[in-house]
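Structure first, then comments.
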Amino acid sequence: MQPAAPPTVAPFLRTAAAYAWRLLVVGALVYALFSVLGRFHEVAVAVFLGLVITALLRPVADLVARKLPRPLAVALTLLAGIALVLGALTLVGEAVAGESATLAREFRDGIGRIERWLQRPPFRLNPRALTDVQSKIGDFLSSHRSTLVSQALSGAHQVVAVLTTLVLAVFCSVFFIHSGDRQWDWFREQLPPSARRRVGVGGLAAWRTFTGYTHGIVLVAATNAILVGIALWLLGVPLAVPLALLEFLAAFIPLIGSPVALAVAAVVALASKGPWVAAIVIALIVIIGQIEGHLLHPLVMSWAVRLHPLVVALSVVAGTIAAGILGAVVAVPLVSVVWSVRTALREEGGVEGTEAGGAEAGEAGAGGAGAGGSGAGGTGAADDGGPGAAGPSDA
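To convert a position in the sequence shown, counted from 1, into the working numbering, add 1.
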């Protein structure tokens, strides 16, 4: 009696199972990576900021290094960058301090104007309801004063953590700017010889994409901030400079950051200048979005980032869910770098396959030529032997 044949598995199920366990392994590795980064997120953020500083300042340091020694060029470039950032923050602080008294008066008048506007048609809100809201806000602040104080103290600890991260980022950028290429070469030397070429190709593609994205997003953010600052200044909205700086920082979150910053500006305009000016600021959201999406990004970012807007939006949302504002900032450059590395490695594999195929074709051609030579010799022997054989036959 023959044993029963084992049941056959459909090819579709075999393929699905093969992909499934590989996806599970990749998912576990990605989860482990993000778990480690979440545990040491201050270090990861510091390294990321160090790479951003390097992408922005290394070209300047390379230019200065043509006239000065490399260490001195790096030091001068970093000091100039730090002075520029501190100068911008000082300008914002001076603007806020200079307009604080006027701003408080305009906000009080603006709140009263908003209340009167809400009491008229079509809203017709009860004035007592607005008064109750103000009293409830005051009661809430009074009853939760201890909680607010504790949150403020925890915020002070967060400030210390942020300052520590910034110092570590600057420290990393010093070595990245000074000798980042040597550090990368040392890292590649630690890998197996068979992997060095592909790692080098992927690393070069990643750095080109990251630097291109960084330069492009800074240019887009600066353009948005200048346009918003000029528009708010012409409209007479207070805090035009701080709101322009907010727009600059928010533009680092694609598709979402700029509308949020302009929404804050619209609230300030509503409280200080009334609903008509606020409506104009809201219209700026559409105008700036059109300029950014149809002019700046195609001109500045297209050569560095080749992602569909849907992919950008999903990346920003996923990054926000995973790591908050920081995840929203990091998501798009991370996805862009991963995609560029994949593309570069695929092209490298295609080139290697073409070269290998050419070499095999050359070897086959050489072998065919040798075989053809042998066949020609045999034909010659038969031709030579033909008359000789025919001679005796004729005899």
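Here a beta-carbon is modelled for each residue, glycine too, at the ideal position from N, C-alpha and C. In this text, all values refer to a predicted model and were calculated from it rather than measured experimentally.
Cβ-based neighbour list, residue i, same chain, cut-off 6 Å, excluding 5 preceding and 5 following
i: Glu248; result: Asn225, Ala226, Val229, Ala262
i: Gly258; result: Ala251, Ala252
i: Glu349; result: Val202
i: Ser270; result: It should be pointed out that residue 270 corresponds to Ala in this sequence rather than to Ser. Around Ala270: Val238, Val278, Ala279, Val282.
i: Gly28; result: none
i: Gly387; result: Residue confidence for Gly387 is low, a pLDDT of 42 falling below 50, so the modelled location carries little weight; the figure read from the coordinates is stated next. The answer is none, since no qualifying residue turns up.
Cβ distance (whole Å) where residue i is taken to contact residue j below 8 Å
i: Ser341; j: Thr215; result: With a Cβ gap of about 14 Å, Ser341 and Thr215 do not count as contacting.
i: Leu240; j: Ala56; result: Wrong, their Cβ atoms sit about 31 Å apart, outside the cutoff.
i: Leu220; j: Val333; result: About 15 Å separates the two Cβ atoms, so there is no contact after all.
i: Val238; j: Ser273; result: 6 Å
i: Leu164; j: Ala47; result: That pair is no contact at about 11 Å.
Contacting residues, own chain, Cβ-Cβ under 8 Å from residue i (five flanking each side not counted)
i: Pro12; result: none
i: Gly290; result: Ser259, Pro260
i: Ala162; result: Glu43
i: Val265; result: Leu244, Leu247
i: Leu69; result: Leu77
i: Arg176; result: A quick correction: the sequence has Phe, not Arg, at residue 176. Closer than 8 Å at the Cβ level, and outside the excluded window around Phe176, lie Gln184.
First and last residue of the uninterrupted alpha helix (DSSP H) at residue i
i: His216; result: 194-236
i: Gln291; result: 276-292
i: Leu244; result: 241-251
i: Val301; result: Looking at the DSSP string, Val301 is not in any alpha helix (DSSP H), and its letter there is neither H nor E.
i: Pro60; result: 42-65
i: Leu77; result: 71-99
C-beta atoms of residue i and residue j nearer than 8 Å
i: Val312; j: Val336; result: yes
i: Val75; j: His179; result: yes
i: Gly39; j: Cys173; result: no
i: Thr78; j: Val53; result: no
i: Gly82; j: Leu64; result: no
i: Val338; j: Ala207; result: yes
i: Leu256; j: Val317; result: yes
i: Leu285; j: Ala232; result: yes
i: Arg199; j: Leu34; result: no
i: Arg197; j: Arg189; result: yes
i: Gly204; j: Trp185; result: yes
Own chain residues within Cβ distance below 7 Å of residue i, not counting five before or after
i: Gly320; result: Gly328, Ala329, Val331, Ala332
i: Thr16; result: none
i: Val10; result: none
i: Pro193; result: none
i: Gly181; result: Thr55
i: Glu293; result: Val221, Asn225, Ser259
i: Phe49; result: Val331
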